[in-house]
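>
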Amino acid sequence: MLYDLLGPAAFIGFGVLCLVIIPTSLCVSWQCQVLEGERMEIRDERVKMTNEILNGIKAIKFYAWEDSMKKIVKDLRKSEMGILKKLVTWIALLTSAFGCIPLIVTGTTFGSFILLDPEKNILTPKIAFMALTINDIIYGPIFSLANTMYCLINFLVSNRRLKSFMSENELERYVEYSPNAEHAISLQNASFSWEESSRMVLKNLSITVTQGELVAIVGEVGCGKSSLISALLGEMTKEAGRVHVSGSVAYVPQQAWIQNGTLKDNILFGAFLDGRLYKDVIEACALGPDLELLTAGDATEIGEKGINLSGGQKQRVSLARAVYSQRDVFLLDDPLSAVDAHVGKHLFDKVLSSETGILKGRTRILVTHGVNFLKFCDRVIVLKGGTISEQGSYKELLASEGAFAEYLKEYMTEKKATPAEDVEHALENLESPEKAVEKPMEVKDHHKPEKEEEDKDEEGKLIENETLAIGQFYRSFEIGLA
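Numbering-wise, the numbering used here puts 332 at position 343 of the sequence shown, and it's gapless, one number per residue.
(1) Tell whether a beta-carbon distance below 8 Å holds between serine 182 and methionine 189.
(2) In whole angstroms, give me the CA-to-CA distance for glycine 26 and aspartate 56.
(3) What residue from Gly295, Val207, Ala120 has the CA that sits closest to glycine 375's CA?
(4) In the structure shown, what three-state DSSP assignment does serine 156 receive?
(5) By Cβ distance below 7 Å, which residues in the same chain neighbour threonine 13 in space, the five residues on each side in sequence not counted?
(6) Using CA coordinates, which residue listed in Asn249, Ile80, Ile111 is at the minimum distance from lysine 303?
(7) Starting from the Cα of isoleucine 1, find the closest Cα among Ile247, Leu105, Glu224, Ala48 and give me that residue.
(8) So, at 7 Å on beta carbons, what are the nonlocal neighbours of isoleucine 61 in its own chain, with the 5 sequence-adjacent residues on each side left out?
(9) Can you tell me which residues form a DSSP beta bridge with alanine 179?
(10) Under three-state DSSP, which class holds leucine 8?
(11) Is the number of C-beta pairs between the stretch 283 to 292 and the stretch 243 to 261 that are closer than 8 Å three or more?
(12) Check for me: the alpha helix (DSSP H) holding serine 307 runs from which residue to which?
(13) Could you check whether tyrosine 313 and alanine 245 sit closer than 8 Å to each other, using their CB atoms as the reference points?
(14) How far does the alpha helix (DSSP H) with phenylalanine 102 in it extend, from its first residue to its last?
(15) How should tyrosine 52 be labelled, buried or exposed, when 16 other C-beta atoms within 10 angstroms of its C-beta is the threshold for buried?
(16) Determine the contact status of alanine 170 and threonine 199, defining contact as a CB-CB distance below 8 Å.
(17) Residues in its own chain within less than 8 Å of cysteine 7 by CB, not counting five upstream and five downstream?
(18) So the candidates are Ser326, Ser378, Gln380, Leu348; which of them puts its Cα closest to the Cα of asparagine 361?
(19) Are the stretch 18 to 32 and the stretch 138 to 156 in contact at 8 Å, needing three or more beta carbon pairs?
(20) Out of curiosity, what's the CA-to-CA distance linking glycine 300 and isoleucine 218?
(21) Quick one: which unbroken beta strand (DSSP E) runs of 3-plus residues sit fully inside the stretch 338 to 411? Chain order, please.
(22) Using a 10 Å radius around the Cβ and a threshold of 16 neighbouring Cβ atoms, would you call glutamate 165 buried or exposed?
(23) Step through the CB atoms of chain D and report whether any lies within less than 8 Å of the CB of serine 378.
(24) Can you give, in chain order, each stretch of the alpha helix (DSSP H) that sits fully within the stretch 192 to 259 and has at least 4 residues?
Here's what the structure looks like:
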């Protein structure tokens, strides 16, 4: 229709649109895309830093680091705002360019119409208004193109970031699981690193653990004890060798993981409640005295990351969760380090011991720094520099006078004020943790009246339900407002 009114001049106007305005808009859009990517990277860094500050706010307050942390966040925010100002400027330019399209194209079209044949092409009101009406119909979608371009920019940036994340190499599933294997755990000349083609953390490990064996892993700090546990879980990159694990696995990390929920929920972790097993686990993990101190016992709500529990309590809850799961293999990353000496002895005797522990008969791999428990382990593996220096029974390693003897010598030097014999003697004479509080643990009566149970649940809640109050206006006040 526009061609019928203006002839070839209609194509000249849209030629300007295609050859000048659209390429310019694409250049501006590309610049906006680059700036948006930079802004997101800085924003990620700022949010990450803010999260770390909030997680470590106690240490920051203790050391009076508030001003330093504030400066770091402010500098990141300042950089983000600088990029944001540039981005807004380019977006304003893009919006202005699209806003000028109707004026530029209409002026070019009418000018070309007159210049092509000044004598015949007379721009009458009839032709002008009809052309403007048609142009308005055409330009309607063009006006919304600026917002579409900005949304497209965000989409492209987000898609690129997601693509880079989703394109990361998956960890190779190198652990071979078999329920009825001859050995519980077997490593054959296995080497591991944290990232592909990076420095190997563990080298040429050959370990065979029989069913039901308690194996302790010791060594100096940074020798690869926790890395070995991660390797058995399949969380590292295998460079060489084979790894075999028989049956299901339970893992107790060095830093206990606690979710927001009741203490019972953190132990059961979705499993069905077995009253007898649950009671045995509570007793074995020395949680009885803690239940007496908590307002609602095991129905007490635990905050995110176990904020209302001590470090030792969190570690015992984490251990109780693993014990209750009744798995075939237990990987324990130094669970005794966060508890007191007498509680640690109780946990070893009641949970880990091959003679009296609740896990006797199950395979246990224990990373520990407590040399007092090593003589009760079936086997001790000594790591040094990411390799196995020695392995054997406690007596065999002492007799060999190798790396294990040196490790014990260093430990005795550090603990010179309290020799190992004195520590062992003190541990033997310490009271059991059940006597650490005045009241013994009472078994919860599940036949209590429902009202009493509900009251106890309400006491143990960390987050209270929102309360509502209903009131009314006096009639005279309502009239006064009117």
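Note that beta-carbon positions come from the ideal geometry of N, C-alpha and C, so glycine has one too.
Based on what the coordinates show:
(1) Yes; because the gap between Cβ atoms is below 8 Å, this pair is in contact.
(2) In this structure, the CA atom of glycine 26 is about 29 Å from the CA atom of aspartate 56.
(3) The shortest Cα separation from glycine 375 among Gly295, Val207, Ala120 belongs to Val207.
(4) Correct three-state label for serine 156: coil.
(5) Answer for threonine 13: Ala86, listed in chain order.
(6) Ranking the options by Cα distance to lysine 303, first place goes to Asn249.
(7) For the residues Ile247, Leu105, Glu224, Ala48, the minimum Cα distance to isoleucine 1 belongs to Leu105.
(8) Once the five neighbours on either side are set aside, the close Cβ partners of isoleucine 61 are Met38.
(9) The partner list for alanine 179 (beta bridge, DSSP) reads Leu194.
(10) Reduced to three states, the DSSP call for leucine 8 is helix.
(11) These segments touch.
(12) Serine 307 -> alpha helix (DSSP H) spans 300 to 314.
(13) In this structure, tyrosine 313 does not lie closer than 8 Å to alanine 245 by Cβ.
(14) From DSSP, the alpha helix (DSSP H) with phenylalanine 102 extends over 55 to 105.
(15) Exposed.
(16) Not closer than 8 Å, so no.
(17) Cβ within range, chain order: n/a, list empty.
(18) Looking from the CA of asparagine 361, the closest CA among Ser326, Ser378, Gln380, Leu348 belongs to Ser326.
(19) The stretch 18 to 32, when compared against the stretch 138 to 156, does touch it at the 8 Å Cβ threshold.
(20) Distance from the CA atom of glycine 300 to the CA atom of isoleucine 218, rounded to whole angstroms, is 21 Å.
(21) Counting whole runs of 3 or more residues, the stretch 338 to 411 contains the beta strand (DSSP E) stretches 352 to 356, 368 to 373, 376 to 381.
(22) By the neighbour-count definition (other C-beta atoms within 10 Å, threshold 16), glutamate 165 is an exposed residue.
(23) Included in the structure is just one protein chain, with no chain D present.
(24) Runs of the alpha helix (DSSP H) inside the stretch 192 to 259: 214 to 222, 252 to 257.
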